[in-house]
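In the numbering used here, the protein residues as written are -15 to 210.
Only one structure is covered here, and it is reproduced in the block below.
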Ligand SMILES: Nc1nc2c(c(=O)[nH]1)N(C=O)[C@@H](CNc1ccc(C(=O)N[C@@H](CCC(=O)O)C(=O)O)cc1)CN2
Ligand SMILES: Nc1ncnc2c1ncn2[C@@H]1O[C@H](COP(=O)(O)OP(=O)(O)OP(=O)(O)O)[C@@H](O)[C@H]1O
């Protein structure tokens, strides 16, 4: 965050009075919003620059880690509702695993924006589903596909931090969704190791994910006490 600003009044010295005091201007919502816009743009540029072969290697590693994780944590996937995502804009492609889990009896759901600025909706996907173009041109199952509530959700990440917070494309959709559903699904962030940030400067609306997976494996996991 920028520190070279001019002040209309003398700088606040509260930090020298109370060591626990932290200058709220450093985390003011406007500053955070601007920082997020810049950071998203940088991370997306870096991601777009990956070679196809590098992205493939990463996607393969992620699928292997996810497969192991699901088996270890949940045992059989049969009958479990798991939401994936249809990859766009250089996101890791997990569609082969999505198809495999479907074959093994998992119930696969995909997210979509049915109405702007409201929680995401999840629709049933099978290999026979005829996808349509949804909001932002993202392929989505058609309206006649069953609406589902996932028990496990995969959330693609533009950026992430060690506390499990996520930076997405800036629509706030996953936060709205997780805030709205009860019980909350087990939420797994899927991202590139290189997209790690020291902090995303969490705001009151940001909901940390249960676990973040990258090509290097489990990057961070929330414990029950957090
Ligand atoms: N592959 C994939 N599918 C996904 C998601 C995702 O991140 N990846 N989503 C995960 O949530 C949902 C779609 N998320 C969206 C997020 C932002 C905008 C959008 O219109 N963004 C504006 C900027 C918004 C703003 O800054 O206020 C834009 O870029 O013009 C659209 C869809 C559901 N499906
Ligand atoms: N639970 C919520 N209720 C209302 N508005 C929300 C909620 N969560 C997020 N928002 C709004 O969405 C905006 C964008 O949020 P944020 O920067 O966290 O997006 P993001 O997580 O990167 O986006 P996305 O989840 O769509 O990929 C916020 O400024 C906030 O106003």
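Think of the CB as a built atom: it goes at the ideal place given N, C-alpha and C, for glycine as much as any other residue.
Could you check where the beta strand (DSSP E) with residue 80 kicks off and where it finishes?
No beta strand (DSSP E) contains residue 80, which is instead part of the alpha helix (DSSP H) from 79 to 87.
Identity of the residue in 106, 158 and 197 nearest residue 145 by Cα
When 106, 158 and 197 are compared, the shortest CA-CA separation from residue 145 is found for 197.
Taking the straight line between their C-alpha atoms, what separation do you get for residue 183 and residue 147?
In this model, residue 183 and residue 147 are separated by some 8 Å (Cα to Cα).
Leaving out five residues on either side along the sequence, give the residues of the same chain with a beta carbon under 7 Å from the beta carbon of residue 54.
Cβ neighbours of residue 54 beyond the five flanking positions: 61.
Compute the distance between the beta-carbons of residue 140 and residue 75, then report whether it is under 9 Å.
Contact annotation: residue 140 and residue 75 have beta-carbon atoms nearer than 9 Å.
Are the stretch 38 to 58 and the stretch 75 to 87 touching, with three or more C-beta to C-beta distances below 8 Å?
Contact between the stretch 38 to 58 and the stretch 75 to 87 is present, because at least three Cβ pairs lie under 8 Å.
If we ignore side chains and look at the alpha-carbon of each, how far apart do residue 66 and residue 93 end up?
The alpha-carbon atoms of residue 66 and residue 93 are separated by roughly 6 Å.
Which residue spans inside the stretch 6 to 53 form an unbroken alpha helix (DSSP H) run of at least 4?
Segments of the alpha helix (DSSP H) lying fully in the stretch 6 to 53: 13 to 32.
Going by CA-CA distance only, name the one from 70, 115, 34 and 51 that's closest to residue 202.
By alpha-carbon distance to residue 202, the top candidate from 70, 115, 34 and 51 is 51.
In this structure, how does DSSP classify residue 106 when only helix, strand and coil are distinguished?
DSSP, read as helix, strand or coil, puts residue 106 in strand.
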